[in-house]
Amino acid sequence: MKKISSALISVFYKDGLDKIVRKLSEYGVKIYSTGGTQSFIESIGIQVTPVEKITGFPSILGGRVKTLHPSVFGGILYRRNNLQDISEINEYNIPPIDLVIVDLYPFEETVKNGGTEDEIIEKIDIGGVSLIRAAAKNFADTVIVSNKNQYDNLYNIISENNCSTTIDDRRNFAKDAFANTSAYDNLIKNYFSDIKSYELRYGENPHQKAYFTGNLDKFFTKHQGKELSYNNLLDIDSAINLVLDFPKEEILFAIIKHNNACGFSFGNTVEEAYIKALSCDPISAFGGILCCNSKIDEKAAIEIDKLFFEIIIASQYSQKAIEILQNKKNRIILELKDTQVSNSTVRTVLNGFLEQNRDDIILKTEDLKIVTEKKPTQSQILDMIYADIIVKHTKSNAIVLFKNKQLLALGTGQTSRIDSLEQAIHKAKKFGFDLKDAVMSSDAFFPFPDCVEIAGKEGINAIIQPGGSIKDQLSVDYCNSNNISMSISGFRHFKH
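Start counting the sequence shown at 3; every next residue gets the next number (my numbering).
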């Protein structure tokens, strides 16, 4: 246990401080303070020593420099069992400081309240952060309280232990202190990076709170619509990541539902691409997210307006198209700016984070290794490359059926690859597609030839898969026996 004999107190928020100060005074703790905190302590009748008495230097530069002085930081960083420290503390007459109670200027609140640039900059705390980090670093000897929410804990500890603390107490306070300064620095970094924090209406479900940190204004121009929700943002992210992986020079349209494509097609016009995308699964498209890589014109808007959807994203709109799409007031109409998606993905797992590079593989014709006697046609090669892009954006296990630059159906999120394939075949047939000469893409290899057999019996005769199974040859043999081409990409596309 270490006894607290001296304390430096300098805080922005005074509420709850009086109880702490009175308790420290009861134990005869010598209190040093600055500015408004000093005045507050004096107002409740407690003796306090101005920091200027230690430093021999007044507060200067409008209060920007008050505690940044060796006599203050020496007292905080002084290692009580270090002979050289003891010698220098005595030589320079530096008073030891056992407890530091310091919080930080309200930077976040000033930003949220619309403060001017000058007001915001003045709320970047310098001395406070330095004092907190110094005391936290020397937790072996010094207690650091860096947030008013810790007052009750400190009060209970000193009340129960005769104004003393254990090493575990001090380590815990230090841990919280570094967390506070880290979060504070991150807020400042976000401000200078023009990154904002948004409180969303709710999370995946109404009973969950949710926040977004970023800058949506850099990504979109919003022509109409309510605030984006948590689920909206997930679907928008899925739509944009999918569409941006395709060539910009070709007109395409995608429809997203629960982060997966339920419609996708190229077309000679936006209207054609939309109609073909919608035909993939008009039932799932209801309430979905629409995304186009081209300018939406009046003719396309007339068709799109017939569908109930939540959000539409496009690179551009004609003025007439916007007027048509604004017929439904709750629609969110977003115009995508020329920006880049993140190169990495981050997820919380257990008590930590997982971070990985984004799956940015986009196959070229020369990447395909054709392993069967039958060769795919040129149009099938293009379809396989496009299907491979869609399959990597589809929840595993994933199967994509594609033909003539149009998605026919996909199977997604099944625990069995056979189930995903059967799901895709069922949906394709349900909406009237002919699977003859279609291509199939799988996000992972086939350990057995069962999926190949099922696909072949439906008329699918071009398959692309990553390969890598010790039993790849079984699937190749089946293809050779049944006039099916198979290409190996060499890249798995699991998505969980």
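Note that the Cβ used here is the ideal one computed from N, Cα and C, for glycine as well. As the structure is a computational prediction, the values presented were derived from the model and not from experiment.
Nearest C-alpha to K371 among F448, S195 and S489: S489. At least 8 Å separates the beta-carbon of C282 from that of I315. Counting only residues of its own chain and dropping the five nearest sequence neighbours on each side, A138 has a CB closer than 6 Å to the CB of I146, A176, A179 and F180. Excluding residues up to 5 positions away in sequence, L189 lie with their Cβ nearer than 7 Å to the Cβ of E110 in the same chain.
When the beta-carbon positions are compared, L338 and I242 come within less than 8 Å of each other. T36 sits buried, since 16 or more C-beta atoms from the chains shown fall within 10 Å of its C-beta. L476 and K405 have their C-alpha atoms roughly 25 Å apart. Counting only residues of its own chain and dropping the five nearest sequence neighbours on each side, L70 has a CB closer than 6 Å to the CB of G129. Under the DSSP assignment, K21 falls in the alpha helix (DSSP H) whose first and last residues are L19 to E28. The bridge partners DSSP lists for V67 are I62. Per the coordinates, the alpha-carbon of R82 lies some 52 Å from the alpha-carbon of V343. G469 and S184 have their C-alpha atoms roughly 45 Å apart.
For V23, same chain residues with a beta-carbon under 8 Å away, outside a window of 5 residues either side, are I11, I33, I43, I46 and I48 in chain order. In its chain, beyond the 5 residues on either side, Q382, D385, M386, A389, F404 and A464 have a beta carbon closer than 6 Å to the beta carbon of V441. By the beta-carbon neighbour count (other beta carbons within 10 angstroms, threshold 16), R203 is exposed. Straight-line spacing of the CA atoms in I466 and F493 works out to 10 Å.
The C-alpha of L254 is placed about 25 Å away from the C-alpha of T347. Cβ-Cβ distances below 6 Å link E54 to P60 in the same chain, with the five nearest sequence neighbours on each side left out; the list follows chain order. In the DSSP assignment, G129 falls within the unbroken alpha helix (DSSP H) covering G129 to K139. Counting C-beta atoms within 10 angstroms of its own C-beta, K377 has fewer than 16 neighbours from the protein chains shown and is therefore classed as exposed.
Remark: C-beta atoms of L106 and Y186 approach each other more closely than 8 Å.
Around the C-beta of Y319, 16 or more other C-beta atoms lie within 10 Å, and the residue is accordingly described as buried. Spatial neighbours of F355 in its own chain (CB-CB distance under 8 Å, excluding positions within 5 residues in sequence) are listed in chain order as V348 and R349.
Residue range I334 to L338 is occupied by the beta strand (DSSP E) that includes L338.
Put simply, the region 288–302 does not touch the region 431–450. Fewer than three CB pairs are less than 8 Å apart. Here S73 is near I56, since their CB atoms are less than 8 Å apart.
Note: M3 is not bridge-paired with any residue in the DSSP secondary-structure output.
Each residue's CA atom was taken as its position, placing N482 and K224 some 53 Å apart.
For N234, the uninterrupted alpha helix (DSSP H) run begins and ends at Y232 to V245, by DSSP. Considering only N217, Y213 and K16, the residue with the shortest C-alpha distance to D196 is N217. When DSSP states are grouped into helix, strand and coil, F14 belongs to the coil group. Taking C-beta atoms as the reference points, F141 and R173 count as a pair closer than 8 Å.
Collapsing the DSSP output to three states places H428 in a helix. CA-CA distance, G269 to E368, rounds to 25 Å. Counting other Cβ atoms within 10 Å of its Cβ, Q380 stays below 16 and is therefore classed as exposed. Pairing S132 with F75, the inter-Cα distance amounts to about 9 Å.
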